[in-house]
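Quick note on the numbering used here: the sequence shown kicks off at -13 and runs consecutively. Written below as structure tokens is the structure these notes are about.
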Amino acid sequence: MVIPNLMEGFDIDEVQAEYVAEIKLRNLNKEYILKRTDEIKNLQKEMAELHEILKNEDLVDNIIIGDLQEVSKKYGVPRKTDVIYHEEIKKITKEDLIENYGIKLFLTKENYFKKITLVSLRSASEQKLKENDEIIQEIETTNKTEILFFSDKQCLYKVKAHELAECKASSLGEYLNNILPMEQDEKIVYMLEPNGYKGYMLFAYENGKIAKIEMSAYETKTFRRKLVNAYSNKAPLAKMLYISEDTDVVLIRDIDKAMLVNSELVPQKQTKSSGGVQIYTLKKNSKLTNMMYMTDFKSENIEYYRSTKIPATGHFINEQDKIDNDIPRQIGLFE
């Protein structure tokens, strides 16, 4: 009956009545009551302050900031991650996931191709080849490059180096007809990396003409694995070379004449199938048989062969230069 009577007599709720009923009689004195009264006043004051804070967002923010600073001061440790803004996020592409390392590419006369890591070559560099086969090109590059293959049927094939299998120097390599969409009797005669499709391709034809085609003519918006009509078929091809900029080249006629010219004499073309301009004045039954970089032609007097105007007849090759350059073997790509 005590609890209900207290509730009724003092107009208080049950919790308050139970609290009063538990107070020991000795605590019911003036001092005790004054303390409780002060507590009520303090609580009311605190509640009023809290209500004022809730009405003011700046005060709320300052309290939160202060608490966070206190937590940071007490428990903070150096940041273990970086904050990156959205515009700084780099998009990851499939190319980014490709492992990049040094490789060397080999092309042989019999249409075999090798991709060998530079690390592997350090331990074994002697190349195994089929009988009577020989290496006609070597390129040192990286695994993330693109490779262009020109065939004897005026086709250009594009391949990404990382897609090709690696091999050892002790193996014959890959037969290109098995890895490129080529015809059975088609043969790869030249390979290069596009170098951003800058520079030029030089095509020397047996009829004494040379075409200088801009590399940009072979660039495509999408990765097309095969391009047709990559160069002219109006005359048999003697040799092709890639040049990053105009440079000196040596042109061989039959096995007895040579001409040193700068490629700037040859007008550049955007059309891949251009037949070129006459650079060699040929006699009947004569033909242009080879073209090489000047640095590959051995001669103590290389300027003897220079021509500053085209077309020209060239200069007879002296006997020592024939020996030093093994000229009898320079009779074209397809013989």
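Glycine included, every Cβ here is placed at the ideal spot set by N, Cα and C. Given the structure is predicted, the values throughout are model-derived calculations rather than measurements.
Supposed contact pair residue j and residue i - C-beta distance, whole angstroms, cut 8 Å
| i | j | result |
| --- | --- | --- |
| S157 | K114 | 6 Å |
| P180 | E132 | 6 Å |
| K198 | Q256 | So it is not a contact: roughly 10 Å between Cβ atoms. |
| K100 | D138 | Actually they do not touch by this definition, with Cβ atoms about 20 Å apart. |
| N86 | K130 | 5 Å |
| Y279 | V235 | 6 Å |
| D240 | K270 | At roughly 12 Å, the Cβ-Cβ gap does not stay under 8 Å, so D240 and K270 are not in contact. |
| F136 | M226 | 6 Å |
Exposure of residue i, with buried meaning 16 or more beta-carbon neighbours within 10 Å
| i | result |
| --- | --- |
| T281 | exposed |
| A190 | buried |
| G194 | buried |
| Y5 | exposed |
| K21 | exposed |
| R211 | exposed |
| A3 | buried |
| V105 | exposed |
| I313 | buried |
| A298 | buried |
| H37 | exposed |
| I238 | buried |
| Y18 | exposed |
| N219 | exposed |
| G62 | exposed |
| G327 | A query on residue 327 cannot be resolved here, the shown segment of the chain reaching from -13 to 321 and no further. |
Euclidean distance between Cα positions of residue i and residue j
| i | j | result |
| --- | --- | --- |
| I323 | N248 | Nothing can be reported for residue 323, as the shown portion of the chain is limited to -13 through 321. |
| N276 | Q264 | 15 Å |
| P322 | E200 | The chain is shown from -13 up to 321; residue 322 falls before or after that span and cannot be answered. |
| A244 | T294 | 14 Å |
| E169 | N163 | 7 Å |
| A151 | L83 | 17 Å |
| Y186 | L268 | 25 Å |
| N42 | G52 | 16 Å |
| I196 | Y71 | 54 Å |
| K76 | D68 | 14 Å |
| D119 | T94 | 7 Å |
| S260 | A224 | 15 Å |
| T233 | V252 | 11 Å |
| L29 | E8 | 22 Å |
| Y204 | I125 | 20 Å |
| N215 | I121 | 26 Å |
| L107 | G159 | 14 Å |
| L40 | M33 | 11 Å |
| T23 | K60 | 37 Å |
| Y290 | F209 | 45 Å |
| F320 | E192 | Only weak support is given to the placement of F320: the predicted model assigns it a pLDDT of 40, under 50, and the value that follows is read from those uncertain coordinates. C-alpha separation (whole angstroms): 11 Å. |
| A322 | V175 | Residue numbering for the chain in the displayed model covers -13 to 321; residue 322 lies beyond these limits and cannot be assessed. |
| K207 | Y228 | 22 Å |
| K284 | F302 | 15 Å |
| I26 | K10 | 20 Å |
| V1 | E56 | 37 Å |
| K144 | E231 | 22 Å |
Three-state secondary structure assigned by DSSP to residue i
| i | result |
| --- | --- |
| Q2 | helix |
| I199 | strand |
| K27 | helix |
| S259 | coil |
| I326 | Since the displayed the chain opens at -13 and closes at 321, residue 326 lies outside it and no answer follows. |
| K100 | strand |
| S137 | strand |
| Q123 | strand |
| E250 | helix |
| V46 | helix |
| L223 | strand |
| G52 | helix |
| F(-4) | helix |
| L158 | coil |
| M(-13) | coil |
| I70 | coil |
| Q113 | coil |
| I75 | coil |
| N276 | strand |
| I84 | coil |
| D282 | helix |
| E132 | strand |
| V57 | helix |
| M177 | strand |
| I9 | coil |
| V63 | coil |
| Y291 | helix |
| A216 | coil |
| I89 | strand |
| K207 | coil |
Any non-hydrogen atom of the ligand MN closer than 7 Å to residue i Cβ
| i | result |
| --- | --- |
| V46 | Summarising the ligand content, the structure contains no ligands, and the ligand MN is consequently not present. |
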